[in-house]
Structures are given as structure tokens and as C-alpha cells.
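Protein chains in written order, with our numbering: chain A, 67 to 270; chain B, 67 to 270.
Ideal placement from N, C-alpha and C gives every residue a C-beta, glycine not left out.
Every value quoted in this text rests on a predicted model; they were computed, and no experiment measured them.
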């Protein structure tokens with residue numbers, strides 16, 4: 067059973083998740099489906115016009131420290147973005163249009179590196195262009211396609227689907243409708259996909 | 067270095083944490099300091115008059131499912147409390163006054179079982195009485211002591227200390243000022259206590 071990896075380019079915990087998911091999936095012997103989406107519309111439904119990490123300072127301070135520990139453990143470089151959260155709309159449209167492409171994971175990693183290790187503005191065409199080049203693609207061709215109404219509609223529908231699945235944060239993992247939230251639940255999702263499930267949870 | 071275990075009797079994820087912490091700590095060779103506190107005053111500072119799991123339904127639905135999976139893995143019984151969150155003030159005053167007592171862990175487990183496996187009203191004197199008896203204590207003596215101004219002040223100060231440490235949820239773990247949040251961070255806190263730390267996280 068494939069594991070759907072739901073990620074948002076502005077999301078801090080999606081960064082370590084995106085960087086480690088392929089190796090972890092290979093280790094567990096599960097396959098991944100890449101599902102970019104936008105958290106903004108979901109947060110708006112909760113009444114938030116900003117990241118909850120900005121709205122709730124204690125939670126935000128903790129998150130940056132926790133993320134630093136996680137990245138140190140993974141030996142991933144981390145530089146706190148000078149703008150947070152950054153607008154990942156353009157990169158998400160690219161990823162949504164090409165979710166099944168062999169080069170998609172390389173593009174996704176390039177965007178996360180730009181945001182969280184290079185402090186680059188991932189909403190800028192120049193930065194997304196660079197990320198596409200890192201993934202071996204022709205940026206002009208790919209970027210032109212994101213301008214179509216179909217490309218915009220595809221990402222809108224994917225975000226709508228996230229809401230229907232009960233997704234409220236990123237990264238999330240979905241296995242046959244079963245939702246797991248957070249980088250730290252990746253392995254639980256993999257185990258669920260492999261055993262589906264070991265013990266059926268019940269709640270009285 | 068001892069690990070401070072900050073818990074709140076109404077907190078759902080504190081239930082599996084409290085039930086497994088002693089075995090896990092023994093396995094890692096770390097010692098535990100028990101730190102009951104109240105989340106209510108902390109949530110009020112964030113502008114919440116209820117649990118965020120009630121305020122944000124998608125998050126709440128996910129939490130109950132996630133908790134059911136966690137409890138199934140641990141073979142812990144779970145019954146969704148008919149009232150959530152329950153008022154743990156009296157039990158927290160008891161635990162705060164007797165945090166160092168040898169019987170404290172047994173009492174803590176009894177209160178969590180009452181709330182999350184027996185669906186009992188842990189704010190009721192009769193229920194706390196039963197929990198104290200399960201821990202081998204004389205309920206009358208212990209409960210009388212919780213009425214003193216000192217007992218009330220002690221829990222107030224402990225909750226104030228939680229805020230100073232940056233605590234915003236439960237369970238939390240603190241090692242020499244380093245904060246870890248969530249049942250799923252227990253082992254990270256243990257490793258921090260043992261190695262303090264393996265790699266120093268930095269954020270540019």
C-alpha cells in the first residue's frame with residue numbers, strides 16, 4: 067500500500083520530512099505518492115491569517131529549537147528563513163503538475179533547501195527556475211505550464227482533498243484514508259502501510 | 067541529569083506518557099522528577115477557554131484517532147472521556163504536594179486510568195479518594211493537606227514555573243532547561259539527558 071506524503075513548501079517540519087522520506091521509504095520497502103498542497107486556505111478556515119507558530123510565540127520558539135535539534139540529528143543544514151512563512155504557491159503548482167515525474171523529488175528537495183538552508187525567496191521565479199535546473203528541467207517550459215487554468219485548478223482541488231482527508235497541518239501522511247500528522251509520524255505511517263494495521267485501535 | 071516530566075491530568079497525550087515513563091526511564095538509565103501543573107492558565111494566556119482539541123475540530127478528531135493508535139500499540143485501554151477536558155485541579159494539588167513520594171507514580175497512574183480508561187470524574191473527591199487508596203495512602207490525611215494555602219500556592223507556583231520554562235502543552239520534558247514537548251519526544255529527552263547533547267543544534 068502506497069503512503070501519500072502531503073507537504074507544503076512553507077512548512078518547517080516538512081523540510082526534514084522531505085529530505086529523509088525517500089531513504090526511509092526505501093528502508094521500509096514502501097512506495098511514496100507526492101502530494102503538495104497549501105496550508106494557507108486550511109489555516110484561514112481555523113481563523114488564522116498567519117502561521118500558528120507566529121500567532122503563538124511560545125509554540126513558535128519551541129518549534130525553531132525542536133527543528134534545530136531534528137536537523138542536527140539528521141546532519142541537515144538549517145538557517146532560519148528571514149521571512150516565515152514563505153509563499154510556496156508557484157513551487158506547489160509545479161510540484162502538483164509533475165507529482166509523478168522522476169525528477170519531482172529532486173525539485174522538492176531543491177525548494178526546501180532554498181527556503182530552509184539558503185534563506186531564498188521561494189516565491190520568486192528566479193529561485194524556482196534555479197530549483198528546476200537543479201532537477202535537470204527546462205524552467206521555461208515547466209513554468210509556462212503553471213500559468214494554465216488547469217494547473218491552478220489542480221492545486222486548488224488537491225488542497226480541497228487535503229481538507230476532506232482531515233489534514234490540518236504538514237507534513238501529513240495518508241495510508242488508505244488513515245491520517246498521520248508530523249515528521250515524527252512518518253515511520254508509523256510506513257508501518258501502517260506494511261501491516262495495515264497490527265492492532266485495530268478502538269476507543270470506547 | 068534528571069528528566070523533569072511535566073504533566074496535566076486532563077491531557078490526553080500525558081496518559082500514555084505517564085503509563086510508560088517509568089519503564090522507559092529505567093531502560094534508558096535516567097531518573098525522573100514528577101512535575102504536575104495546570105494547562106488551563108496557560109491556555110487562557112493564548113486566548114483559549116477550552117482545549118484546542120475542542121476549539122479546532124479537525125485537530126481534535128485526529129488526536130483521538132492518534133491516541134487510540136498509540137494506546138493500541140502500548141496495549142493500554144482507552145475510553146474516550148464523556149467530559150473533556152476534565153478538571154484535574156484536586157489531583158494536581160495532591161501530586162504537587164507529594165511529588166517526591168514513593169507512592170506518587172502509582173497515584174498518577176490511578177488518576178490517568180480513572181480519566182482515560184474508566185471515564186470517571188477525576189475532579190470528584192470520591193474518585194481521588196479511590197486513587198489514593200490504590201496508591202496505598204490514607205485519603206483523609208492527604209486530602210486535608212490539599213486545603214492549606216501552601217498546597218494551593220505550590221501548584222500555582224509550579225504552573226508559573228512551567229510558563230517560565232516555555233511550556234505550552236503537555237506532556238513536556240525538561241532537561242537542564244532544554245524543552246521537549248509531547249509523548250513522542252520522551253526518548254529524545256532521555257537521550258539529551260544522557261549525552262547533553264550529541265550534536266549542538268545551531269540555527270543560522
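Separation of the CB atoms of residue 73 of chain A and residue 102 of chain A is rounded to 6 Å, and the pair is thereby assigned contact status at 8 Å.
For residue 151 of chain A, the secondary structure class from DSSP, reduced to helix, strand or coil, is coil. Shown here is that no member of the region 76-101 of chain B has a Cβ falling below 9 Å from a Cβ of chain A.
By a beta-carbon distance limit of 8 Å, residue 259 of chain A contacts residue 96 of chain A. Their separation comes to about 5 Å. Non-local beta-carbon contacts of residue 145 of chain B in its own chain, meaning distances under 6 Å to residues more than five positions away in sequence, involve 183, 185 in chain order. For residue 73 of chain A, the enclosing beta strand (DSSP E) has its first and last residue at 69-73. Scanning its chain for C-beta atoms nearer than 7 Å, with the 5 sequence neighbours on each side dropped, one finds around residue 114 of chain B the residues 121, in chain order. The region 206-215 of chain B makes contact with the region 151-170 of chain B: 3 or more CB pairs, one atom from each, lie closer than 8 Å. Around the beta carbon of residue 68 of chain A, fewer than 16 other beta carbons lie within 10 angstroms, which makes this residue exposed. Listed along chain A is no residue with a C-beta nearer than 8 Å to that of residue 161 of chain B; the closest approach is about 23 Å. For residue 232 of chain A, the neighbours in chain B by C-beta distance under 7 Å run, in chain order, 124, 127, 128. CA-to-CA, the gap between residue 88 of chain A and residue 75 of chain A works out to about 17 Å.
When Cβ-Cβ separations below 8 Å define contact, residue 250 of chain A makes contact with chain B. In the DSSP assignment, residue 80 of chain B falls within the alpha helix (DSSP H) that extends over 80-94. A distance of 8 Å or more separates the beta carbons of residue 137 of chain B and residue 171 of chain B. Close to residue 236 of chain B, with beta-carbon spacing below 7 Å, lies no residue of chain A; the smallest spacing is near 13 Å.
Residues of the region 99-119 of chain B that bring their beta carbon within less than 7 Å of a beta carbon in chain A comprise 112, in sequence order.
Residue 245 of chain A: member of the beta strand (DSSP E) spanning 244-247, first to last residue. By a beta-carbon distance limit of 8 Å, residue 125 of chain A contacts residue 119 of chain A. Their separation comes to about 6 Å. Under the DSSP assignment, residue 108 of chain A falls in the alpha helix (DSSP H) whose first and last residues are 106-111. The region 180-254 of chain B is shown to contain whole alpha helix (DSSP H) runs of 4 or more residues at 191-200, 205-211, 215-230, in chain order. Judged by DSSP in its simplified three-state form, residue 169 of chain B adopts coil rather than helix or strand. For residue 269 of chain A, the secondary structure class from DSSP, reduced to helix, strand or coil, is coil. The Cβ atoms of residue 255 of chain A and residue 174 of chain A do not sit closer than 8 Å to each other. A Cβ-Cβ separation of about 11 Å leaves residue 250 of chain A out of contact with residue 132 of chain B under the 8 Å criterion. Under the criterion of beta carbons closer than 8 Å, residue 193 of chain B and residue 201 of chain B do not qualify as touching, at roughly 13 Å. The Cβ-Cβ distance between residue 231 of chain A and residue 104 of chain A does not fall below 8 Å.
Nearest C-alpha to residue 252 of chain B among B/94, B/77, B/168: B/94. Each residue's CA atom was taken as its position, placing residue 78 of chain B and residue 148 of chain A some 35 Å apart. When DSSP states are grouped into helix, strand and coil, residue 100 of chain B belongs to the strand group. Straight-line spacing of the CA atoms in residue 169 of chain B and residue 203 of chain B works out to 8 Å. Ranked by Cα distance from residue 130 of chain A, the first of A/98, A/176, A/80 is A/80.
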